[in-house]
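Protein chains in written order, with our numbering: chain A, 16 to 156; chain B, 16 to 156.
2 protein chains.
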Amino acid sequence: MEPRISVVTLGVADLARARAFYERIGFRPSGASKPEVAFYRAGGVVLALWSRAALAAELGRADPGDAPTAVLLSHNVRTREEVASVTEAWEAAGGRVVKAPADTPWGGRVAWLADPDGHAWEIVWNPRWPLAADGSLLLPP
Amino acid sequence: MEPRISVVTLGVADLARARAFYERIGFRPSGASKPEVAFYRAGGVVLALWSRAALAAELGRADPGDAPTAVLLSHNVRTREEVASVTEAWEAAGGRVVKAPADTPWGGRVAWLADPDGHAWEIVWNPRWPLAADGSLLLPP
C-alpha cells in the first residue's frame, strides 16, 4: 500500500447545512459533486461531505449521531495572527469555537473548533513546520 | 480560510499497536514523531496517530471508545487489481475487512476496511478520477 490518504469524508446530518458552512469558510465545490455528495479540493487531499446515516449503513454500524468522533482535522496556517482570523471566520460562518486561540508549550498557537456536525478541527501555527507556497505542510523526513 | 486539510489525526487506544499496524501496511514514520504522537506523510496530507483519550480530553468530550466514527478515509489506487492486493495487505497486517472488494454501480471497484481502532478506510479504484504520478488525486475542477 502506498502511504496515501486521497479523500477525507465527513458524515453529516444535513448535507445542505454542511455544504453552506464549508462554502462560507472558503471551500469551493468541485464539478464532480453530486446531489448526495459534495467534493472540495483541500490542499493535497479531497474533502467530501456525505450523509452520516448512509456512511454508517455502508459500514454496517449504528448512526453515531452527534456523538464525539475520534478524528481531528488540522488546518495549519502561515502566521501566528491567522489563528485568530481563521477562528473569527469560522465562528462567523456558524461553526463553534471549542477553545479560543492560545499559545502552546511548544511555541506555537492553536485554536480548537467544531463544525455544525461536531467534527473537530484545529487551527495551528507551528513555526517549526513551515508551509510551502502552495500551502502544503513540509513535514520533516 | 484557505481550503486546506494539513493533518488528519486518528485517536487510538494503543499507540504502539496503531503504529505497528500502519508501519506494516506501508507508512513510514517522520523524524518529527514523538513518544506520544506519530506522524506519517500520506500523500498531500499528514497522517497522525495520537491517544484517543487525550484527544477527547482536549475537546472536552467523553472518550468515544470503540464507538463508530462519522469519518471515512479513502485510499485511491491506480488499477482495478490493486483494490484486492491492498485489501490482502491490510488483512495480513492485522486490519479488518468490512466489505470485500466489489464492483460499484458507477464503474469502479471498492473495498471497505477498518483499522485496529475501528477507523474506517475505503480502497477505491475510480477510473474517472485518475491519479497523478505522485499519487495525488486529480479531482475535476
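We put the CB at the ideal spot given by N, CA and C, even for glycine. None of these values were measured; they are calculated from a predicted model.
Output the boundary residues of the alpha helix (DSSP H) element that contains residue 36 (chain B). From DSSP, the alpha helix (DSSP H) with residue 36 (chain B) extends over 30-39.
Using a threshold of 8 Å, state whether the C-beta atoms of residue 58 (chain A) and residue 150 (chain B) are closer than that. No.
Complete runs of the beta strand (DSSP E) confined to the stretch 54-85 of chain B [at least 3 residues]: The DSSP assignment places complete beta strand (DSSP E) segments of no fewer than 3 residues inside the stretch 54-85 of chain B at 60-66, in order along the chain.
May I ask you to list the residues that DSSP assigns as paired with residue 26 (chain A)? DSSP links residue 26 (chain A) through a beta bridge to A:65.
If you reduce the DSSP assignment to three classes, tell me which class residue 115 (chain A) lands in. In the structure shown, residue 115 (chain A) sits in a strand (DSSP, three-state: E or B).
For the candidate residues B:62, B:47 and B:18, whose alpha-carbon lies nearest to that of residue 27 (chain B)? Closest option to residue 27 (chain B), judged by alpha-carbon separation, among B:62, B:47 and B:18: B:62.
Can you tell me which of the three DSSP states residue 96 (chain A) falls into? Helix, per DSSP.
Tell me the rounded alpha-carbon separation between residue 148 (chain A) and residue 93 (chain A). Computed Cα separation, rounded: 10 Å.
Please state whether the Cβ-Cβ distance between residue 129 (chain A) and residue 135 (chain A) is less than 8 Å. Contact: yes.
Expected contact under 8 Å - CB spacing of residue 154 (chain A) and residue 45 (chain B) to nearest Å: At roughly 5 Å, the Cβ-Cβ gap stays under 8 Å, so residue 154 (chain A) and residue 45 (chain B) are in contact.
Rounded to whole angstroms, what's the CA-CA distance from residue 16 (chain A) to residue 102 (chain B)? Just pull it up for me. Cα to Cα, residue 16 (chain A) sits roughly 9 Å from residue 102 (chain B).
Amino acids of chain B, ordered along the chain, whose beta-carbon sits closer than 8 Å to that of residue 88 (chain A): Ordered by position in chain B, the residues that pass the 8 Å Cβ test against residue 88 (chain A) are 20, 22, 23 and 24.
Option in A:119, A:137 and A:75 with minimal Cα separation from residue 113 (chain A): That would be A:137, whose Cα lies nearest to the Cα of residue 113 (chain A).
Which residues in the same chain as residue 118 (chain B) place their Cβ atom closer than 6 Å to its Cβ, once the five residues preceding and following it in sequence are excluded? Sequence-distant Cβ neighbours of residue 118 (chain B) in its own chain, meaning closer than 6 Å and more than five residues away, are 124.
So what does DSSP say about residue 105 (chain A), is it helix, strand or coil? Correct three-state label for residue 105 (chain A): helix.
Give every residue of the same chain whose Cβ lies closer than 8 Å to the Cβ of residue 32 (chain A), excluding the five residues on either side of it in the sequence, and list them in chain order. If we look at residue 32 (chain A) and ignore the five residues flanking it on each side, its Cβ neighbours are 131.
Kindly indicate which three-state DSSP category residue 20 (chain B) falls into: helix, strand or coil? Residue state, collapsed to three classes: coil.
Around the C-beta of residue 120 (chain A), are 16 or more other C-beta atoms found within 10 angstroms, so that it is buried, or is it exposed? By the 10 Å Cβ count, residue 120 (chain A) comes out exposed.
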